[in-house]
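Heads up: the sequence lines are chains A and B, in that order. Each residue of the first sequence is one higher than the one before, counting from -8 in the numbering used here. Each residue of the second sequence is one higher than the one before, counting from 847 in the numbering used here. We treat Cβ as the ideally placed atom computed from N, Cα and C, and that holds for glycine. Below is one structure, written out as structure tokens; comments come after it.
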Amino acid sequence: MVMDVVVLAKHVPDPQGTPELGEDFLLRREGVDGALDPGDEYPLEAALRITEYHGGEVTVVSMGPEPAMTAIRRALSMGAHRAVLITDPALRGADALVTARVLASAVRRQPFDLVLAGIESTDGYTGTLPMTVAELLGVPAATFARRVEVNDRIVRTERQTEEGYDVVECPLPAVVTVTAGATEPRYPTLKGIMQAKQKPVERLTAADLGLSPEELAPTQSVIAVEAAPQKAVGEIVQGDDAVTRVADFLAEAKVI
Amino acid sequence: MDFDLSEEQREFQRAVREFAEEVVAPRTEEYDRNEEFPLEVVQRMGDLGLFGLPFPSEYGGQDADLVTFCLALEEIARVDSSVAITLEAATGLAANAVFRFGTEEQKERWLVPMARGQVLGAFAVTEAGGGSDVRALRTTARPEDGEWVIDGAKAFITNAGTPLTKVAIVAAATAPGEISAVLVPTDVPGFTVGPPYRKIGWRASDTRELAFHGCRVPQGNLLGERGHGYAGLLEVLDEGRIAVAALATGLARGCLEESVKYAKERQAFGRPIGAFEALQFKIADMRVAVDASRLLYLRAAWLRDRGRPYKAEAAMAKLYSSEAAVSAAREAVQIHGGYGYIEEFPVARFYRDAKILEIGEGTSEIQRLVIARALGLPGTEL
Ligand SMILES: Cc1cc2nc3c(=O)[nH]c(=O)nc-3n(C[C@H](O)[C@H](O)[C@H](O)COP(=O)(O)OP(=O)(O)OC[C@H]3O[C@@H](n4cnc5c(N)ncnc54)[C@H](O)[C@@H]3O)c2cc1C
């Protein structure tokens, strides 16, 4: 059974560097070194293995300004077959819901069996996007998969839990989020890098997706950013009565 | 003039750098301490296509040029010289010899798995009685009943006994004064591999003696023309020298980066030691040496990729960069003080790994001789 797998991928400011916020409290994305979100390499690796096993193609879908091509090229050199990049000045400052609308509309334009995504992005950390996309697409979502297998139009995932894992199965098409450490992502080979240049990249604007200005208007905005408060210095309790004093303290704090 | 790498070269360099930092570096210390061949790392390098970089894709390669291969070696040697020399000797020497002189059949049988990193070849020229003077070698390959019968021994051979080693390219006299190269599979009767040498550095690289007692291989195992061995192997060694220069550049860069980091952190007399001019100047000199080394190997590789003469340029790159690496390692240890002398910071390993660069694939003296000969100086014939 040939599988069409879509991977949602994001270009993030260099994960090794220190991200900067602009005047508008939005992350500076222009003119900074960026890369494919390391968290997105896991779903991509999972997608590549699925299509290597079952046949089919991996399409990478990304929304972001022009530099996002760096992330797309990385995904293509790792082995993805094609990519869709949605770039539009109107999308600057898009919140998680608007982003999900854009990505869902882009995914819907082609046949798909499975949409894979990371748990959360390394720059925004909202962690809500894949499930929103699933809802908009009207398909089930399975999350936190440390393992993804497809069999007979059923996707079987191992959902990472604190003690172990749950087995979650759902019919295709579906959205699955893949944890870091699920698979070890491959590094692009030189041949992969050369071939990436020839692979098709479709560029779309919000208008191409038929989204209205209302659908593109963020419902969230950042009004202020403050440094996290310094942690107060803890008190070190020593001496014979230490245990009683700690117990009193916890009782006072209504912890016990 | 254009000093820019191509976009693909930059992307690939970045991928190899990530690989070196994420896959090679975390295991380096342990392999070195245990003097263990880094099999798992080598297999991962095979997946990345590193062993087939400079060969055409029809032989399982990646269609890259020597410049790109050298860039990869620099990145790996930046963290681990043992792993880098394993790659260099397998690809730059052994597989390269099969690629350049092999018949289609030999390439199918040996080059394809070598390019994929599934099989490592040993490039066996040096003997206990002499390495610089290749023509004095004593190993013989005698034709008999449509076979070659090989007798003799080789010393200091890289990748001689790894779990992936399946063949040795052996330089042997096929008649008095006539040197040829013969492919000797490791499973032929009479082929014995010695225990690993205990070395000052390159401890995770596999170096052993090989011995041949009446080893019989088919006539078709002759690699290249009979009697072409000396010239052919020297040609391969010329390319190898450029690759070793890239390796030396990587080691010197490792010394530089570790020294900069340490000089900013370590305090003495109330300030970071990097504030002392004595150390600033050492580090500035190191920076110059790294760049000069890189420019020299890139030029030599660039000439070779364009099919232009490069022999003297390769010797200059190898000579300069290996001596620069030895100095950089010495100064990096100095900058680290007592910590530089114990196996806690990588510079102690860099110090141990550096020295061989002035010896292997042509000693510094031999490089100077090659350069002097290119200048037409008398008495420089080898
Ligand atoms: C870790 C390691 C890995 C190696 N891997 C391989 C390998 O894979 N394959 C392989 O074939 N070999 C390998 N070698 C061998 C290496 O190439 C030789 O050690 C090197 O070429 C020097 O040869 P030698 O040791 O016999 O020294 P010699 O040739 O005996 O030289 C001794 C000294 O005399 C000097 N000298 C010699 N001739 C002259 C001259 N004409 N003018 C001035 N000075 C001269 C040399 O520069 C040196 O200082 C390896 C060696 C080591 C240590």
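Interface annotation for the stretch 943 to 970 of chain B against chain A: empty, criterion Cβ-Cβ distance under 7 angstroms.
For the C-beta of residue 865(B), the chain A residues within less than 7 angstroms are, from N- to C-terminus, 178. Ligand 1 has a heavy atom closer than 7 angstroms to the beta-carbon of residue 979(B).
In the structure shown, residue 3(A) falls within a strand segment according to DSSP collapsed to helix, strand and coil. Chain-ordered, the chain A residues with CB closer than 7 angstroms to the CB of residue 894(B) read 178, 180. When 8 angstroms is used as the limit between beta carbons, residue 903(B) is near these residues of chain A: 182, in chain order. Within the stretch 902 to 925 of chain B, 903, 908, 909, 910, 914 place their CB atoms closer than 8 angstroms to a CB of chain A, listed in sequence order. If you draw a straight line from the Cα of residue 1072(B) to the Cα of residue 1080(B), it comes to about 15 angstroms. In this structure residue 1095(B) is in contact with residue 1143(B), their Cβ atoms being roughly 6 angstroms apart against a cut-off of 8 angstroms. Interface flag for residue 899(B) against chain A is set, since a Cβ pair is found closer than 8 angstroms.
The shortest CA-to-CA distance from residue 1099(B) to any of 1129(B), 1084(B), 1122(B), 1029(B) is the one to 1129(B). Pairing residue 1163(B) with residue 885(B), the inter-Cα distance amounts to about 30 angstroms. Contact with chain A is found for residue 854(B), since one of that chain's Cβ atoms lies less than 8 angstroms from the residue's Cβ.
Using a CB distance cut-off of 8 angstroms, residue 857(B) counts as an interface residue toward chain A.
Going by DSSP, residue 151(A) is part of the beta strand (DSSP E) stretching over 145 to 151.
By the 16-neighbour rule on beta-carbons within 10 angstroms, residue 1115(B) is exposed. Taking all protein chains shown into account, residue 9(A) has fewer than 16 neighbouring C-beta atoms within 10 Å of its C-beta and is therefore exposed. When rounded, the separation of the alpha-carbon atoms in residue 1219(B) and residue 39(A) is 54 angstroms. Minimum Cα-Cα distance from residue 88(A) among the listed residues 41(A), 219(A), 210(A) corresponds to 210(A). A buried status is given to residue 1084(B), since no fewer than 16 other beta-carbon atoms sit within 10 Å of its beta-carbon.
In the DSSP assignment, residue 966(B) falls within the unbroken beta strand (DSSP E) covering 966 to 970.
Straight across, the Cα-Cα distance linking residue 5(A) with residue 59(A) is about 12 angstroms. Cβ contact annotation for residue 1001(B) (same chain, cutoff 6 angstroms, sequence separation greater than five): 972, 973, 974, 1055, in chain order. In chain order, 178, 179 make up the part of chain A whose C-beta sits under 7 angstroms from the C-beta of residue 861(B). In the structure shown, residue 1158(B) adopts helical secondary structure according to DSSP, grouped into three states. For residue 203(A), no Cβ of chain B is located within less than 8 angstroms of the residue's own Cβ. Inclusion of residue 28(A) and residue 84(A) in the CB contact set at 8 angstroms is not warranted, their separation being larger than that value. At a beta-carbon threshold of 7 angstroms, the residues of chain B lying near residue 185(A) are 854, ordered along the chain. Residue 169(A) has 109(A), 136(A) as its beta-bridge partners, per DSSP. Burial of residue 1216(B) is indicated by the presence of at least 16 other C-beta atoms within 10 angstroms of its C-beta. Residue environment: residue 1059(B) is assigned as exposed (fewer than 16 neighbouring CB atoms within 10 Å of its CB, all protein chains considered). The C-alpha of residue 1075(B) is placed about 19 angstroms away from the C-alpha of residue 1004(B). The alpha-carbon separation between residue 56(A) and residue 0(A) amounts to approximately 13 angstroms. When beta bridges are read from the DSSP output, residue 988(B) appears opposite 995(B).
Taking a 10 Å sphere around the C-beta of residue 1021(B), we find fewer than 16 other C-beta atoms and assign the residue as exposed. Residue 1000(B) has 1056(B) as its beta-bridge partners, per DSSP.
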